[in-house]
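Trainee: For the sequence shown, the positions run 1 to 384 when the UniProt record's numbering is used.
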Amino acid sequence: MASSQISQTEREKINKLRTLVKDALSEYYDTDFNLLRWLQGHNSLSIEEVAKKLRHHLNLRNSTWNLDEMHKADRNHKIHHHWKYGITGKSGILENVIVNIEQCGKTDYSGMMESYSVSEVMRARLVDLEQMLAAVMKVEKETGKQASILYVMDITGLEYNKKLYDLVTGSMKSLADFMADHYVEMIKFFVPVCVPSFAYALYTVVRPLLPEKTKDKVRLISEHQWREEILNYAQIDSLPCTWNDDNHKFPAKIDLPVPYPLDGYYSAKNLKPPPNTESITVVAGKAHVLTKFLKKGDILKWWVRGNRNFGFGVFWSEDENVADFFIAKQAFPSFLWMPGPTIVPLEDLLTVPKDAYYHIWVSNERSWWFSLNAHLAVDIISIS
1 MASSQISQTE
11 REKINKLRTL
21 VKDALSEYYD
31 TDFNLLRWLQ
41 GHNSLSIEEV
51 AKKLRHHLNL
61 RNSTWNLDEM
71 HKADRNHKIH
81 HHWKYGITGK
91 SGILENVIVN
101 IEQCGKTDYS
111 GMMESYSVSE
121 VMRARLVDLE
131 QMLAAVMKVE
141 KETGKQASIL
151 YVMDITGLEY
161 NKKLYDLVTG
171 SMKSLADFMA
181 DHYVEMIKFF
191 VPVCVPSFAY
201 ALYTVVRPLL
211 PEKTKDKVRL
221 ISEHQWREEI
231 LNYAQIDSLP
241 CTWNDDNHKF
251 PAKIDLPVPY
261 PLDGYYSAKN
271 LKPPPNTESI
281 TVVAGKAHVL
291 TKFLKKGDIL
301 KWWVRGNRNF
311 GFGVFWSEDE
321 NVADFFIAKQ
331 AFPSFLWMPG
341 PTIVPLEDLL
351 TVPKDAYYHI
361 WVSNERSWWF
371 SLNAHLAVDI
381 ISIS
C-alpha cells in the first residue's frame, strides 16, 4: 500500500471515531478512508454524533444480509436483468475517481416498483453499492489516497408522464436518501447528461427534497454539448458506446436495461393478504413495535403494507426493551422511510441467528400530523 495522504488532525479524529464504534466495526470495513468519509460527510457534527450515524450503518452491515460479503456476489437477482451494471473504468481526468454510468432514462424504475417491494429492490441494489465501495477501497489501498465515484446519470430516453413526478419524489427519493445515509461521501459528483428540457424544470421542483450533500454534488452541463463537456470529468475510454454518433466514438461496453413485463406487476397477480393479517393504526410521531423472544433456528416471517410513508425494520436485543431503534442491532435491514401508499407489500423472512428478543418495528415517527394505517401479518415457525 502506498503511503497515506491523511493529515495528522484527520488521523486523530479517525482514531477517536474508531474507538467509539469498535464493537460494531468489521475488519473489512475498518479502513482510515471509510471512517474519514463519515467525518467529511458530517463535518458540522460532533464525533459522538457522527459515531451514532456510523453505528446505524454498521448495524446494517452486520445484519443477516452481511454487507461485507456482498461485493463478491454475482449480479443474479431478477432485478439485475433490468437494472444494469454501470462501472466502466477510471475517470483519468479526476484523480482516483471511478466512473459509474446510471442509465436513468432507459431503466424502468416505475415497472420495478410495481413488481418488487422496496426491501427487495434494496437487496439487489446493495450488491451494486457494495461493488462500488469495494472498487473505491481497492484504489485507496493501491494509492494511499482517497477515492470516489463519478456518478453519470444518462437521461437518454426519459419520457414525461404523470408517474414521473411521483416516482422522483417517492420511490427514487427513498433510494437516494438510503444511499446518502449509508454511502456517505462515496460519490464525488452526480453529472446528468442528455437531459431533456422538461427534466431541468423537474429538477428545479425536486431539488429542495434532495439531501443537502447530494445537492452540492450535482454538476449540470449543457443540454446539447454534453458529449464534449463530459470529457472534463472522464476520459473517452470510460464512456459508453451507447452515446456514439457520427462525431463521437466511445468504447466502453454497457448492457441496455430491460423493461419489466406488465404481467409481473404485483397488481396483476391478484394476491390476497395473509389470513392472519391485522390492521394497525400508528399515530403521528410514534411507532408500533411487536416483540417476541425467539430461539436460534426459528423462522420469522412478515408481510406489511401502509397507506402512507412509513419506516420498517427487524431488530434484535438481549433485553426486552430497546431505548433507541436508530442504533439498535438490525436482524433485517431497517428502512427509515418508504413511500406510500405501498405498491408491493414487504414480504420476507429470516432464520433467527441467535437466541434473543426480536422486534418488528413499523414507524410513523417522521409524520407530524397524519396517522399511518398499516396491515401487518407475522408468522413464527418454532424449532421446538
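Cβ coordinates follow ideal geometry from the N, Cα and C atoms, glycine included.
Quick caveat: nothing in here was measured; it's all calculated off a predicted structure.
#1: Mind the definition here: the segment 179-189 touches the segment 101-121 only if three or more C-beta pairs lie below 8 Å; say whether that holds.
#2: Is Lys269 closer than 7 Å to Asp355 when the C-beta atoms are compared?
#3: In terms of alpha-carbon separation, which member of Lys53, Tyr28, Leu39 and Thr64 lies closest to Thr351?
#4: Less than 7 Å between C-beta atoms, sequence neighbours within five positions excluded: which residues of the same chain meet that for Leu50?
#5: To the nearest angstrom, report how far apart Tyr85 and Lys106 are at their CA atoms.
#6: By a C-beta neighbour count over all protein chains shown, 10 Å radius and 16 as the cutoff for buried, is Ser148 buried or exposed?
#7: Helix, strand or coil for His56? Go by DSSP, reduced to three states.
#8: Using C-beta distances below 7 Å, list every residue in its chain close to Ser192, excluding the 5 sequence neighbours before and after it, in chain order.
#9: Have a look at Pro211, Lys292 and Trp302 and flag the residue whose alpha-carbon is nearest the alpha-carbon of Asp177.
#10: Checking the sheet assignment: what are the DSSP bridge partners for Ser279?
#11: Along the chain, where does the alpha helix (DSSP H) containing Met113 start, and where does it finish?
#12: Flag this pair as touching only if the segment 225-245 and the segment 85-102 have three or more C-beta atom pairs under 8 Å; answer yes or no.
#13: Identify whether Lys292 lies in helix, strand or coil by the three-state DSSP scheme.
#14: Quick one, which of Val282, Val304 and Val283 has its alpha-carbon nearest residue 435's?
#15: Within 10 angstroms of the Cβ of Ala234, are there 16 or more other Cβ atoms? Answer buried if so, exposed if not.
#16: Taking Gln225 as the reference, give the member of Ser367, Asn247 and Leu25 with the closest Cα.
#17: Report the CB separation of Phe312 from Val362 in whole angstroms; it is logged as a contact under 8 Å.
#18: Between Gly306 and the rest of its own chain, which residues show a CB-CB distance below 6 Å, the 5 nearest in sequence each way excluded?
#19: Distance check for Ala134 and Gln146, CA to CA, integer angstroms please.
#20: Report the option in Leu129, Gln5, Phe190 and Ser334 whose CA atom is closest to the CA atom of His80.
#21: Cβ of His71 within 7 Å of Cβ of Gln131?
#22: What are the boundary residues of the alpha helix (DSSP H) that Ala176 is part of?
#23: Look at the alpha carbon of Glu27 and the alpha carbon of Asp348, and state the distance between them as a whole number of angstroms.
#24: Going by C-alpha distance, which of Arg366, Met137 and Ile327 is nearest Ser317?
#25: For Lys301, which residues from the same chain have a beta carbon less than 6 Å from its beta carbon, with the 5 sequence-adjacent residues on both sides left out?
#26: In whole angstroms, what separates the C-alpha of Ala114 from that of Leu54?
#27: Should Phe189 and Leu231 be called a contact, given that it needs their Cβ atoms to be closer than 7 Å?
#28: So the beta strand (DSSP E) Ala135 belongs to, where does it begin and stop?
#29: DSSP three-state label for Pro251, please.
#30: Flag Val139 as yes if its beta-carbon sits less than 7 Å from any beta-carbon of chain C, otherwise no.
#31: Quick check on DSSP: helix, strand or coil for Glu10?
#32: What number of angstroms, rounded off, separates the C-alpha of Phe250 from the C-alpha of Gly92?
#33: Let me check one thing: in DSSP terms, what residues is Val359 bridge-paired to?
#34: For Ala201, count neighbouring C-beta atoms within 10 Å of its own C-beta (all shown protein chains included) and say buried if the count is 16 or more, exposed if not.
#35: Lys90: which of Ala331, Pro273 and Glu140 sits nearest, CA to CA?
#36: What does DSSP give as the partner residues of Trp302 in its beta bridges?
Mentor: With the structure as the only source:
#1: no
#2: no
#3: Thr64
#4: The amino acid at residue 50 is misidentified as Leu; the sequence shows Val. Cβ neighbours of Val50 beyond the five flanking positions: Leu17, Trp38, Leu39 and His42.
#5: 13 Å
#6: buried
#7: helix
#8: Sequence inspection shows Pro at residue 192; the Ser mentioned does not correspond to that position. Result list for Pro192: Met153, Ile155 and Leu220, in chain order.
#9: Pro211
#10: His375
#11: Tyr109 to Ser115
#12: yes
#13: strand
#14: The structure shown has nothing for residue 435, since the chain only spans 1 to 384.
#15: buried
#16: Asn247
#17: 6 Å
#18: Gly340, Thr342, Leu372 and Ala374
#19: 13 Å
#20: Leu129
#21: yes
#22: Ser171 to His182
#23: 29 Å
#24: Ile327
#25: Leu349 and Asp379
#26: The sequence shown places Glu at residue 114, rather than the Ala named in the question. In a straight line, the C-alpha of Glu114 is about 32 Å away from that of Leu54.
#27: no
#28: Run containing Ala135: none in the beta strand (DSSP E); it sits in the alpha helix (DSSP H), Val118 to Thr143.
#29: coil
#30: Absence of chain C from the displayed structure is noted, only one protein chain being present.
#31: helix
#32: 14 Å
#33: One point to set straight first is that residue 359 is His, not Val, in the sequence displayed. Answer by DSSP bridge pairing, in chain order: Thr291 and Phe315.
#34: exposed
#35: Glu140
#36: Asp348 and Val378
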